Every structure is written in C-alpha cells, then in structure tokens.
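Notes follow the structure.
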Amino acid sequence: MIHSVIADKPTFKRVDFKSGLNIVLADRTKEATKKDSRNGLGKSTLIEIIHFCLGANKGETLSKSEINDWTFTLELDLAGKRFKISRNTSDQNKIIVEGDYSNWIIKPEIDKKLKKPMISSRDWTKVLGNLMFNLSSYEDYKYTPTFRSLISYFMRKDGQSGAYLDPFQNHKSQKEWDKQVNNSFLLDLNWEYASKWQVLKDRVKILEQIKQEARSGILSNMGGTIGELEALQIRLESQSKREEGELKSFKVHPQYSKIETDANEITQKIHELVDQNVSDEQLLEQYEMSLKDDSDVKAESIVKLYEESKVTIPKMIVKKIEEVSLFHKQVISNRKDFLTNEIARVKNNLARRKSEIESFSNKRAEMMNVLQEHGALIEFIQLQNNHQSTVAESKDVNIRLENLKKFEQGRSAIIVDQELLQQQANIDIKERKLQKELAVLLFNANSEALYKVPGTLSIDISRTGYKFDVKIERSGSHGIGNMKIFCYDLMLSQIWAKKGISGVSLVHDSIIFADVDERQRALALQLAAQASEECFQYICTMNSDSIPQKDFDEDFDFEDFVRLRLTDATEDGGLLGIRF
5 MIHSVIADKP TFKRVDFKSG LNIVLADRTK EATKKDSRNG LGKSTLIEII
55 HFCLGANKGE TLSKSEINDW TFTLELDLAG KRFKISRNTS DQNKIIVEGD
105 YSNWIIKPEI DKKLKKPMIS SRDWTKVLGN LMFNLSSYED YKYTPTFRSL
155 ISYFMRKDGQ SGAYLDPFQN HKSQKEWDKQ VNNSFLLDLN WEYASKWQVL
205 KDRVKILEQI KQEARSGILS NMGGTIGELE ALQIRLESQS KREEGELKSF
255 KVHPQYSKIE TDANEITQKI HELVDQNVSD EQLLEQYEMS LKDDSDVKAE
305 SIVKLYEESK VTIPKMIVKK IEEVSLFHKQ VISNRKDFLT NEIARVKNNL
355 ARRKSEIESF SNKRAEMMNV LQEHGALIEF IQLQNNHQST VAESKDVNIR
405 LENLKKFEQG RSAIIVDQEL LQQQANIDIK ERKLQKELAV LLFNANSEAL
455 YKVPGTLSID ISRTGYKFDV KIERSGSHGI GNMKIFCYDL MLSQIWAKKG
505 ISGVSLVHDS IIFADVDERQ RALALQLAAQ ASEECFQYIC TMNSDSIPQK
555 DFDEDFDFED FVRLRLTDAT EDGGLLGIRF
C-alpha cells in the first residue's frame, strides 16, 4: 500500500493515499478558457514518480532539465512494514531507505556522504521483487519474471507507452516471452514452462537463421539436400581415390621438359623434311617426263617434206637446215645430260632425307616412350594440387552433410521437445485447476458487473506456449478494450491480495476510462471501490469532465475518494507546481 508521494521542492503537491479507492482529479475551473488544457497538470507524472521510486528509469517528465536534482519520496508498506523510499533525479542509482530492512535479501549500506542507508537501483528491484512477489534467484532459467515487468501490470504507464493496448501487454515493445512468463507467473501458473518454450523458440530461430544464411550463400557448408550431398560425396571420394592412384604411379623425369621440347623440335624437322621430299618427288616426276619427251629433228625429214610438196629447195638452204639440225642435237644432248644429273641429285636428296626422317623418327619414338612412362615435375605438382582440391571439396561436403543432418535432427528434436513440454504443461495446468478457475471466475464477475454479461478469460496451451485471451461480448459499447484491461488488472490484484502479500497497489492512468460509456465508467469506479476496500489499494487519475456523476448509485459519494485536485486555473496548479 502506498501512503504518500512527496518531493523536496515546496511547489510540489504532496499526495496522501488511503486504503481502497483513491482518485487524483484534474479539474477545469470556470476561469479556464478553451485554449487551456489539463494536459501537463501531473496525472501521468504522478505515476511516473511512483515508478521512479520503485526502481524504474526516469521517464519523459523526470528527464527534463527543470526536474534536475529533485528528490521524490514514496512512503509505502512492504511485507507488513512501513518504509520511506527516496530517490534523486540527478543521482538515480542511489535509493535512500528509511525503515526496518533487517529481513531484506539485500541490505542497504550507510552512504558515507548522506549518512543514510542506501541501496543501488539494481539491488532495490531485487528486494522489491522478493517482498512484493516472492521472487528469488532463478539461475537455472534464461527467461524469468522480473519485478519491473510484473509491477507494470499493476501500475500501467501512460498511453504512449502502449500499456493500454492489450491486457497481457505492459508496453508496446514487450517481447512475447516476457508476456508469457510474467502473465503465467501472475496467474499462478507454471511460468517455468513459458521460459522453456522460449528457449525452444530460440533454438528454432537459430536453426532457421542458419538455414536462411545457407540459402543466401553466406554459409557455403549448408547448401543442398541430404540426398544431393550424399551423391556428391560418393563422386568426390571416387575421384579422390583415382587421383591418389595416379599420384602413386606417377614417375617424374628430371629432364622431362627438355625432352618434351627436343621431341617437338624433331617433329618439326621431320615435317620440314617430309615437305621437302614431297616437293622433290614432284620435281623428279617432271624431270623424268621431260626426259622421255625429248626427240631429234633431222634435216632429211625437212627436205623430204619439201620434195613431197614439189618444191625445190636451194642447196644453200639445205646446208643451213643441216647446221640447225646439228645445233639442235647438241641442245638435246645437253638437256638430257642436265636432266639426268638433276634426276640423280633429286634421288640422292630423297634418299638422304628418308634416312634422316627414319633416324629422327626413331629418336622421337625413344623420347615419346620416356614421356609416356614419366611426367614433368610441374605436371606432378598440378596433379597434387588437383587432388588436394578434391580432398578439400570432399571434406567440405562431409561438413555440409553432417551439418545438414544435425540441422534436421535438431529440428526433429525441437518438435519432440515441444510436444513433450506441451504434454507436461497440460498435466500441470490440470493440477492447477483451482488457480485457473479463480482467475476465470474473478474476470467473469468483474466483466459481468460492468456489462451484465460474464466475460471470458481463456488460457490455452499450444506447442509454442501459453495462449491468453479475454472477451467481453458487448458489441456497440465504446471503450470495451480498455475495460478488458480494467477487469484483467482488477482480477490480478484480487488474486495477489488473496495470497496475503502486501504492498501491491493497482494504479491506472486516466486513459483507462477513455471512450468508455458513462454507465460503464461509473460501474467500474464503484467496482474498484468495492473490490479494493475488501483487499487492496486502487489509485487512478481522472479528468473532472469524465466523472459520470449522474450514473453513480445513490450511496456512492465520488468526492469521498478524491485525494488531490489539480487545476489549470493557476500556473502552480499542477502536481509539480511549475509549468515548462
């Protein structure tokens, strides 16, 4: 229970609370104009201060320079003892404690400068978790309920934080595991299962990330299917064995490159000799044909030709013909001699070249035998490199195959673990039947008090965790979403009040009543007054024009519950007493 909220500045308006229903009212005065607003009067700031004193970081208002070096004090009951808790905005790691803290799990130490008991903000939240919710150290669990998250269901912040969007959410960036763990804890279910579900979800996420990275090419050792990789593995192993055999039988000749060069040069010479022989054989053929075609022209034949023509040739001409004939015979004789000599020469060249070709061919054959039986060092090195590449690729495929098998096995194991955990959770929730029924019945009663029909709080278990939902079948009613939150929070306060653990107050900002029908707003305030009077403290902030005065029951006096009025009539009418 919170008794008071105080500050060390004279402008601050002290707030004193009582048990049961407490209203902090922002009032519009007659002097206010339409341009005036009650926004900034301090309704949300009051909740921010309470959170600040309970270990939260500074919010938007307390972070402003105008609030530097302000010390706020929260007077409250914890575990049946009253304490004053003070915290300065400029030195927020130090929490000053006044009261009997002898039974705390972490004891404050005397601050040398302030001469007062002081505890760090981190240790302070651990103490609060233990005193308000019986939290302890859960070293075996990665995801655990925390005081700051739990208290935020009882003291929801302003609408900008997203605290009034969903009953099971206390801020808009809250993670799913945080919702499940803390709501199951508050509903007296087994929160450890929610923690284990999240660990399984983390495993699924990691596996999916690995798979996605493999598909995108970031990881080269996870691509392909198991069948494809096994086929590739068989091919590479066979190739590796073949290359290994080739390396074992490979003979390196130290002069392999020189022999290879010499063999190429000899081949070139053989080609040249063959080309020359082809040319000479053609020339020889021409010479031999020319030699056969040579014939002599006799002078008698010419004379006879003239006589047959009955033409008389002078003796002088006959003599000239004889002389020409003799000259021609000499030419033919010389040409025969030349052709005979050329034919002999060409035949000699052909024979010589054939002999050289044979010799070169034999020598080249010897070289080729060496090259066939041996290899060059560079070829051996290249063969080694190829083999090493094959071996490396084979190892890479083995890794890929092993990783993929582990991935599939891991995914299967997760499915099995999820199924097993779901079965265990189903058994556990049956054993917690009374706790579940209490929550369901309280929510039903609260919603029925507002809408004359019972709402539904459903708690289901799936393979991925708890599934929470609330429904109030009242179509056409405004602000029904906020009333779901109201009924849920009220139910949580009733449950924890029955546990007999003091210190947890329910605090709502004025947004809880935004867009809510006046009749339901009146019923909600009356329900809060009745329920809190019986077992806990309820604090809410409101605007004066949202008070449904005409809809209250006759025996309900709203003014009896107003603990502080804030006004826009004066500059100092807000909670802090200053405007900025």
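Note that this note's numbering has the sequence shown beginning at 5, numbered continuously upward.
Backbone N, C-alpha and C fix where the C-beta goes; we use that ideal spot for every residue, glycine too.
Note that the structure is predicted; figures quoted are calculated from it, not measured.
Cβ contact annotation for N450 (same chain, cutoff 7 Å, sequence separation greater than five): C491, L494, M495, L531, in chain order. Collapsing the DSSP output to three states places V457 in coil. According to DSSP, G24 shares a beta bridge with Q541. According to DSSP, residue pairing for A11 in a beta bridge involves F76.
Around the beta carbon of D162, a 10 Å sphere encloses 16 or more other beta carbons of the protein chains shown; the residue is thus reported as buried. Taking all protein chains shown into account, I551 has 16 or more neighbouring C-beta atoms within 10 Å of its C-beta and is therefore buried.
When beta bridges are read from the DSSP output, G469 appears opposite S466. Within the same chain, Cβ atoms closer than 7 Å to the Cβ of T571 are found at D31, T33, G577, the five residues on either side in sequence being excluded. Beta-bridge pairing by DSSP links I99 to R91, I123. Within its own chain, the residues whose Cβ lies closer than 6 Å to the Cβ of M159, once the five positions on either side in sequence are excluded, are V511, listed in chain order. Boundaries of the beta strand (DSSP E) harbouring V511: 510–512, taken from the DSSP string. Classified as exposed, N107 has fewer than 16 neighbouring CB atoms from the shown chains inside 10 Å of its CB. Taken through DSSP and simplified to helix, strand or coil, I516 comes out as helix. For R567, the uninterrupted beta strand (DSSP E) run begins and ends at 566–571, by DSSP. For E247, same chain residues with a beta-carbon under 8 Å away, outside a window of 5 residues either side, are L387, N390, H391, T394 in chain order. Excluding residues up to 5 positions away in sequence, G459, L461, V474, C491, Y492, M495 lie with their Cβ nearer than 7 Å to the Cβ of F447 in the same chain.
Under the three-state reduction of DSSP output, M495 falls in the helix class. With contacts defined as CB atoms closer than 8 Å, I274 and I361 qualify as a contacting pair. Here E79 is not near F584, since their CB atoms are 8 Å or more apart.
Proximity of the stretch 279–297 to the stretch 342–352 meets the contact definition, three or more beta-carbon pairs being nearer than 8 Å. Per DSSP, the beta-bridge partners of V19 are V9.
Counted as a single uninterrupted DSSP element, the alpha helix (DSSP H) harbouring Q184 occupies residues 180–190. Within the model, the alpha-carbon separation for I476 versus K456 is close to 10 Å. Here the alpha carbon of P112 sits roughly 13 Å from the alpha carbon of F87.
The Cβ atoms of L580 and F21 lie no closer than 8 Å to each other.
Judged by their CB atoms, V9 and L50 are nearer to each other than the 8 Å cut-off.
Under DSSP, V420 shares a beta bridge with no residue.
In the DSSP assignment, no residue is bridged to D144. For D12 and K130, the gap between their C-alpha atoms comes out near 26 Å.
Where Y157 is concerned, the enclosing alpha helix (DSSP H) starts and stops at 151–158. Of the other Cβ atoms in all chains shown, fewer than 16 fall within 10 Å of the Cβ of A235; this residue is therefore exposed. Residues I270 of the same chain have their beta carbon placed closer than 7 Å to that of K367, with the five preceding and five following residues left out of the count.
When the beta-carbon positions are compared, I114 and P121 come within less than 8 Å of each other. In this structure, the beta-carbon distance from L25 to Y542 falls below 8 Å. P171 sits close to K488, with the two beta carbons spaced by under 8 Å.
The C-beta separation of N187 from F540 comes to about 19 Å, leaving the pair out of contact by the 8 Å criterion.
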